[in-house]
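Chemist:
In UniProt numbering, the protein residues as written are 1 to 161.
(1) Considering residue 180, what are the terminal residues of the beta strand (DSSP E) in which it resides?
(2) Please identify the residue among 129, 135 and 44 whose C-alpha is closest to the C-alpha of residue 86.
(3) If you draw a straight line from the alpha carbon of residue 98 to that of residue 26, how long is it in whole angstroms?
(4) Quick check on this structure: which residue in 150, 157, 137 and 102 has the alpha carbon closest to the alpha carbon of residue 2?
(5) Going by the beta-carbon positions, is the gap between residue 88 and residue 47 smaller than 7 Å?
(6) How many angstroms separate the CA atom of residue 6 from the CA atom of residue 23?
(7) What is the residue span of the alpha helix (DSSP H) that residue 86 lies within?
(8) Give the DSSP-derived three-state secondary structure of residue 13 in the structure shown.
(9) Check whether the Cβ atoms of residue 123 and residue 140 sit closer than 7 Å, and answer yes or no.
(10) My understanding is that residue 65 touches residue 34, with C-beta atoms under 8 Å, so please give their C-beta distance in whole angstroms.
(11) Helix, strand or coil for residue 59, going by three-state DSSP, please let me know.
(12) Run through the region 100–135 for me and flag every whole beta strand (DSSP E) of 3 or more residues, listed as ranges in chain order.
(13) Measuring CB to CB, does residue 32 end up less than 7 Å from residue 115?
(14) Flag this pair as yes or no: are the beta carbons of residue 11 and residue 95 separated by less than 7 Å?
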């Protein structure tokens, strides 16, 4: 049986285990985030997509990461509060993780294996995005510079299929 995104467990900001199987049947946009990154304004568009399509089985999932110039708070509570206060983020945010190297979270090892990057499988920077279909398979990987709203047509196609 093929491994899907739904086969992974992650930690919530309060360190509780969360089974991604709860999102089975949903189209997902999985993003490694960083509060102090120049791309942090993308939280606004990520939230807009979440709001627009959440009733159509779509979720944005945020995974804070400090591996790129340590642009994330050490304290996850500060991260969650920053995102809520500054960008009205209500989509699921999870515990801070690593996305590259030996300590990379198994979910990110899977995402990278499913969708090769340019020149390297490694995540290059904050706000890399993975679009996952309703069967838990990665269908596309987007660069940090790709604006979330530029992914909207791809999301709509998956929601119709």
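Every residue, glycine too, gets a C-beta built ideally from N, C-alpha and C.
Modeler: Based on what the coordinates show:
(1) No information on residue 180 is available, as it lies outside the stretch 1 to 161 that the chain covers here.
(2) Mapped onto the chain shown, residue 86 falls at position 86. The shortest C-alpha separation from residue 86 is found at 44.
(3) As a working mapping, residue 98 is identified with position 98 in the chain shown. As a working mapping, residue 26 is identified with position 26 in the chain shown. Taken atom to atom, the span from the alpha-carbon of residue 98 to that of residue 26 is near 24 Å.
(4) Reading the chain shown from its first residue, position 2 is the one you call residue 2. Ranking the options by Cα distance to residue 2, first place goes to 137.
(5) The residue you call residue 88 lines up with position 88 of the chain shown. The residue you call residue 47 lines up with position 47 of the chain shown. Against a cut-off of 7 Å, the Cβ pair of residue 47 and residue 88 comes out as a contact.
(6) Indexing the chain shown from 1 puts residue 6 at position 6. Indexing the chain shown from 1 puts residue 23 at position 23. Cα atoms of residue 6 and residue 23: separation of roughly 7 Å, rounded to the nearest angstrom.
(7) Position 86 of the chain shown, counted from the start, is the residue given in the question as residue 86. Residue 86 -> alpha helix (DSSP H) spans 76–87.
(8) In the chain shown, residue 13 corresponds to position 13, counting from 1. In the three-state DSSP reduction, residue 13 falls in the coil class, being neither helix nor strand.
(9) For the purposes of this step, residue 123 is taken as the residue at position 123 of the chain shown. For the purposes of this step, residue 140 is taken as the residue at position 140 of the chain shown. At a Cβ-Cβ threshold of 7 Å, residue 123 and residue 140 do not count as neighbours.
(10) For the purposes of this step, residue 65 is taken as the residue at position 65 of the chain shown. For the purposes of this step, residue 34 is taken as the residue at position 34 of the chain shown. Contact between residue 65 and residue 34 holds, since their C-beta atoms are separated by about 6 Å, short of 8 Å.
(11) Against the chain shown, residue 59 aligns to sequence position 59. Strand.
(12) Complete beta strand (DSSP E) runs here, min 3: 129–132.
(13) Residue mapping note: residue 32 aligns to position 32 of the chain shown, counting from 1. Residue mapping note: residue 115 aligns to position 115 of the chain shown, counting from 1. No.
(14) Residue mapping note: residue 11 aligns to position 11 of the chain shown, counting from 1. Residue mapping note: residue 95 aligns to position 95 of the chain shown, counting from 1. Less than 7 Å separates the beta-carbon of residue 11 from that of residue 95.
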